[in-house]
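To keep things clear, I will list the structure first and then write my remarks on it.
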Amino acid sequence: KVTIVGNGVFGNAMLHVLQKNTQEVAIANRGEKIEEAEIVVLCVPVQAIRDVLPLVTFSGEKRIIVNTAKGIEQSTNKFPYQIIEEFYGNSIEYFSLLGPSFAHEIVNDMPTLVNIGYRSESPYCTALKQL
Numbered sequence: 014k015v016t017i018v019g020n021g022v023f024g025n026a027m028l029h030v031l032q033k034n035t036q037e038v039a040i041a042n043r044g045e046k047i048e049e050a051e052i053v054v055l056c057v058p059v060q061a062i063r064d065v066l067p068l069v070t071f072s073g074e075k076r077i078i079v080n081t082a083k084g085i086e087q088s089t090n091k092f093p094y095q096i097i098e099e100f101y102g103n104s105i106e107y108f109s110l111l112g113p114s115f116a117h118e119i120v121n122d123m124p125t126l127v128n129i130g131y132r133s134e135s136p137y138c139t140a141l142k143q144l
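Note that the sequence shown covers residues 14 to 144 in the numbering used here.
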């Protein structure tokens with residue numbers, strides 16, 4: 014089960030891609046509590062990450078966050094992974110989508126190259142590659 018947090022242009026582009034590759038994908042509306050998440054794709058600006066994380070509750074063994082935001086939090090100079098660690102510590106698997114991609118190109122199925130970055134080998138890497 015994949016939940017996209019952020020229903021802006023990039024969140025909807027991720028929804029477009031993920032719906033082609035997985036059965037269970039949903040997009041959360043602003044302020045909506047996300048319960049029993051397995052994989053959360055954060056499609057919000059870095060400045061909003063701290064506000065949305067309290068709305069996310071994980072269930073089961075699979076506890077994955079894929080961050081799509083780039084940059085640092087202005088008030089703390091922290092990277093997204095540091096903000097997420099404040100909330101979850103090491104209890105989640107953290108991945109970051111890296112590379113040049115634009116929402117309109119993704120939705121129009123134009124070629125692009127992105128990478129998934131992570132800290133160490135994860136049993137979930139194979140599952141994410143299939144998404």
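Just so you know, even glycine gets a beta-carbon here, dropped at the ideal spot from N, CA and C. Since the model is a prediction, treat every value here as computed from it, not as a measurement.
Nearest-angstrom Cα distance between H29 and V120?
Using only the alpha carbons, I get a separation of about 6 Å.
Here's a check: name, in chain order, each residue in its chain whose Cβ is nearer than 7 Å to the Cβ of F100, leaving out the five neighbours to either side.
Taken in chain order, the residues that qualify are L66.
Determine the closest residue to V18 out of A50, Y94, M123, with distance taken between C-alpha atoms.
Looking at A50, Y94, M123, the one whose alpha-carbon comes closest to that of V18 is A50.
Starting from G24 and walking both ways along the beta strand (DSSP E), at which residues does that stretch end?
First-last for G24: 22-34, but that is the alpha helix (DSSP H), not the beta strand (DSSP E).
What residue range does the alpha helix (DSSP H) around E49 cover?
In the DSSP assignment, E49 falls outside any alpha helix (DSSP H) and within the unbroken beta strand (DSSP E) covering 47-50.
Would you list the residues sitting across from Y131 in a DSSP beta bridge?
Per DSSP, F108.
Between the C-alpha atoms of M123 and Q60, what's the straight-line distance to the nearest angstrom?
About 29 Å.
Quick check on this structure: which residue in I77, I96, K75 has the alpha carbon closest to the alpha carbon of I85?
I85 has its Cα closest to that of I96, out of I77, I96, K75.
Please state whether the Cβ-Cβ distance between E106 and T70 is less than 8 Å.
Going by C-beta atoms, E106 is not nearer than 8 Å to T70.
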